[in-house]
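A.B. asks:
Numbering (the working numbering), first residue to last: 18 to 167.
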């Protein structure tokens with residue numbers, strides 16, 4: 018059963034656009050997995066649902082106009098530079114984190130797995146940060162800055 022929330026009790030409720038998505042490596046280096054001009058959106062509803070998309074806007078188009086006829090390289094490149102997932106969330110305001118309970122994801126390993134995100138709110142800005150995780154053999158922390166659009 019989904020809980021109903023309101024903006025006063027859950028300040029994340031609303032639609033947010035991506036400002037910057039960066040990964041900080043354990044050695045201090047920073048990189049932008051979807052480019053410095055990444056696009057994205059995250060939406061939190063008052064019924065406890067969320068949906069998030071992140072992408073590199075410069076992904077190459079498929080040569081074919083048929084959605085199912087991408088080459089292996091086109092599919093790989095577009096998968097590499099796009100992330101989407103959705104599900105229900107648990108807001109832990111006093112503790113400073115939100116749990117994304119993933120029901121569906123472009124990365125299937127997240128499905129059924131809670132994703133903990135630490136948050137910082139300031140006016141119409143939201144910063145979400147991940148727990149340290151391994152990517153390409155290096156420990157990284159993802160940091161995503163959003164701006165409220167509704």
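Heads up, the beta-carbon is just placed ideally off N, CA and C, and yes, glycines get one too.
For the stretch 21-63, list the beta strand (DSSP E) runs that are entirely contained and at least 3 residues long, ordered along the chain.
C.D. replies: Qualifying beta strand (DSSP E) stretches, in chain order: 31-42, 56-61.
A.B. asks: So residue 120 is in the beta strand (DSSP E); what residue range does that whole segment cover?
C.D. replies: Residue numbering aside, residue 120 sits at position 103 when the chain shown is read from its first letter. Its beta strand (DSSP E) spans residues 114-122.
A.B. asks: Tell me the DSSP bridge mates of residue 167?
C.D. replies: If you number the chain shown from 1, residue 167 lands on position 150. Answer is none; residue 167 lacks a bridge partner.
A.B. asks: Going by alpha carbons, who is nearest to residue 81 out of 132, 91, 29, 50?
C.D. replies: Numbered from 1 along the chain shown, position 64 holds the residue referred to as residue 81. Closest option to residue 81, Cα to Cα, is 91.
A.B. asks: Do the CB positions of residue 29 and residue 161 come within less than 8 Å of each other?
C.D. replies: Within the chain shown, residue 29 is the residue found at index 12, counting from 1. Within the chain shown, residue 161 is the residue found at index 144, counting from 1. No, the pair does not count as a contact, with Cβ atoms beyond the cut-off.
A.B. asks: Let's test the definition: count the other Cβ atoms within 10 Å of the Cβ of residue 124 and tell me whether it reaches 16, buried, or not, exposed.
C.D. replies: As a position in the chain shown, residue 124 is number 107, starting the count at 1. Flag for residue 124 reads exposed.
A.B. asks: What separation, rounded to the nearest whole angstrom, lies between the Cα atoms of residue 152 and residue 167?
C.D. replies: Numbered from 1 along the chain shown, position 135 holds the residue referred to as residue 152. Numbered from 1 along the chain shown, position 150 holds the residue referred to as residue 167. Rounded to whole angstroms, residue 152 to residue 167 spans 33 Å at the Cα level.
A.B. asks: I'd like to know whether the C-beta atoms of residue 79 and residue 86 end up nearer to each other than 8 Å.
C.D. replies: If you number the chain shown from 1, residue 79 lands on position 62. If you number the chain shown from 1, residue 86 lands on position 69. Closer than 8 Å, so yes.
A.B. asks: How would you write the range of the beta strand (DSSP E) that residue 150 sits in, first residue to last?
C.D. replies: Position 133 of the chain shown, counted from the first residue, corresponds to residue 150. 150-152 is the span of the beta strand (DSSP E), which, as asked, contains residue 150.
A.B. asks: Can residue 76 and residue 108 be called in contact, C-beta distance under 8 Å?
C.D. replies: In the chain shown, the residue the question calls residue 76 occupies position 59. In the chain shown, the residue the question calls residue 108 occupies position 91. Their beta carbons are not under 8 Å apart, which means residue 76 does not touch residue 108 by this criterion.
A.B. asks: In angstroms with no decimal places, state the Cα-to-Cα distance between residue 158 and residue 40.
C.D. replies: Position 141 of the chain shown, counted from the first residue, corresponds to residue 158. Position 23 of the chain shown, counted from the first residue, corresponds to residue 40. If I take the Cα positions, the gap works out to 6 Å.
A.B. asks: Please look up how many angstroms separate the CB atoms of residue 95 and residue 74, rounded, as I've assumed it's under 8 Å.
C.D. replies: Counted from its first residue, the chain shown places residue 95 at position 78. Counted from its first residue, the chain shown places residue 74 at position 57. Contact doesn't hold; Cβ gap of about 12 Å is too wide.
A.B. asks: Going by DSSP, what residue range makes up the alpha helix (DSSP H) through residue 90?
C.D. replies: Along the chain shown, one-based indexing puts residue 90 at 73. Segment 89-97, the alpha helix (DSSP H) holding residue 90.
A.B. asks: Between residue 115 and residue 106, how many whole angstroms is the CB-CB distance? I'm expecting something under 8 Å.
C.D. replies: The residue you call residue 115 lines up with position 98 of the chain shown. The residue you call residue 106 lines up with position 89 of the chain shown. That pair is a contact at about 6 Å.
A.B. asks: Secondary structure at residue 162, three-state DSSP: helix, strand or coil?
C.D. replies: Your numbering for residue 162 matches position 145 in the chain shown. Note: residue 162 maps to strand in three-state DSSP.
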